[in-house]
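In terms of numbering that gives the first Met the number 0, the sequence shown opens at residue 0 and continues consecutively. Quick reminder that beta carbons are idealized off the backbone N, C-alpha and C, glycines included. Since this is a predicted model, take the numbers as computed values, not measurements.
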Amino acid sequence: MTKAPAEIARLFGARSAAGANFAAEVYPGYPGLVVAEGETRVMTWGFPLILKGKNGQPLRPKPVNNAREDKLGTAFWRPSFERRRCLIPVSAWAEAEGIKGQMTRTWYSLAGEEVFAVAGLWRPTEEWGAAYSMVMVDGCPQMTDVHDRMPVVLARESWEQWLAGTPAEAFALCQTCSSELAVDRSTERWGAGRPAATSQ
């Protein structure tokens, strides 16, 4: 995303937080911009999953960068889904396409929109400070040859329902996007160790 944080704050009717520092392309485990509690905030993309080695020693946490809508009632996601929902401003998201070892990035965006919002959850963490994750649902027909899941794309009129509605009202928005997507099949190689990207 090339828009400044202040411009994102204006588009989303939010306060602009000071010191927003994030890259145009955001990868799991790295900082990205979200709208939460009425302001733009920089958080780490991915909830930390605590792992242990063969001998029980703690390993570096793994970022869990998406939450399936059918798992939102589990202990890992439920507290955040019920109390800490956010908007993730994006201009596009990327999926890997092609044969293993030669995959390239295919970008998806909402046709006719420079910036749109996808549904997110956030929580404070001891490991990385505030962290967020993206809510995923079944992919739309335009994506079937690349991926079977996609982010929950929120219409502008649904933003407040996602942020402030009851859990039931928010869950009702977890639907596959019916709007037309713009598809950009790039020749960019899919980076090793970087399983997903959003352009923020």
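Contact check, residue i vs residue j, beta carbons under 9 angstroms
{"i": "Met135", "j": "Glu68", "result": "yes"}
{"i": "Gly200", "j": "Ala13", "result": "Because the chain spans 0 through 199 in this model, residue 200 falls outside it and cannot be assessed."}
{"i": "Val145", "j": "Ala95", "result": "yes"}
{"i": "Ser132", "j": "Asp183", "result": "no"}
{"i": "Leu50", "j": "Arg84", "result": "no"}
{"i": "Thr105", "j": "Ser185", "result": "yes"}
{"i": "Arg188", "j": "Thr103", "result": "yes"}
Close beta carbons around residue i, own chain, < 6 angstroms, minus the five adjacent residues each side
{"i": "Ala196", "result": "Per-residue confidence for Ala196 stands at a pLDDT of 49, beneath the threshold of 50, marking its modelled position as unreliable; the derived number appears in the next sentence. Counting only Cβ-Cβ distances below 6 angstroms, and skipping sequence neighbours, we find Glu24, Tyr26 and Ala93."}
{"i": "Pro123", "result": "Ala129"}
{"i": "Ala191", "result": "Annotation note: pLDDT 43 at Ala191 (below 50); position unreliable, coordinate value reported separately. Result list for Ala191: empty, nothing under 6 angstroms."}
{"i": "Leu71", "result": "Phe80"}
{"i": "Gln141", "result": "Leu180"}
Close-in-space but distant-in-sequence residues of the same chain around residue i (CB under 8 angstroms, 5 per side omitted)
{"i": "Phe11", "result": "Val34, Thr39, Leu86, Pro88, Ala116 and Trp158"}
{"i": "Glu81", "result": "Pro166"}
{"i": "Arg148", "result": "Asn65, Arg67, Met135, Val136, Asp137 and Gly138"}
{"i": "Gly52", "result": "Leu58"}
{"i": "Val114", "result": "Met0, Lys2, Ile7, Leu10, Pro88, Val89 and Ser90"}
is_contact[residue i, chain C] using C-beta, thresh 9 angstroms
{"i": "Ala167", "result": "Absent from the structure is chain C; it holds one protein chain and no more."}
Beta-carbon separation (whole angstroms), residue i vs residue j, contact threshold 8 angstroms
{"i": "Cys173", "j": "Val152", "result": "With 8 angstroms as the limit, Cys173 and Val152 do not qualify as a contact, their Cβ atoms being about 11 angstroms apart."}
{"i": "Pro30", "j": "Met42", "result": "7 angstroms"}
Cβ-based neighbour list, residue i, same chain, cut-off 7 angstroms, excluding 5 preceding and 5 following
{"i": "Leu48", "result": "Pro60, Lys61 and Val63"}
{"i": "Pro4", "result": "Ser15, Ala19, Leu32 and Thr39"}
{"i": "Glu21", "result": "In the sequence as presented, Glu is not what sits at residue 21; that position holds Phe. So the qualifying residues of the chain are Pro30, Gly31, Leu32, Val41 and Gln199."}
Check whether the region 81-101 touches the region 45-65, counting contact only when three or more Cβ pairs, one atom from each stretch, lie closer than 8 angstroms. no
When you compare the region 159-175 with the region 71-90, are there three or more beta-carbon pairs, one atom per stretch, that lie closer than 8 angstroms? yes
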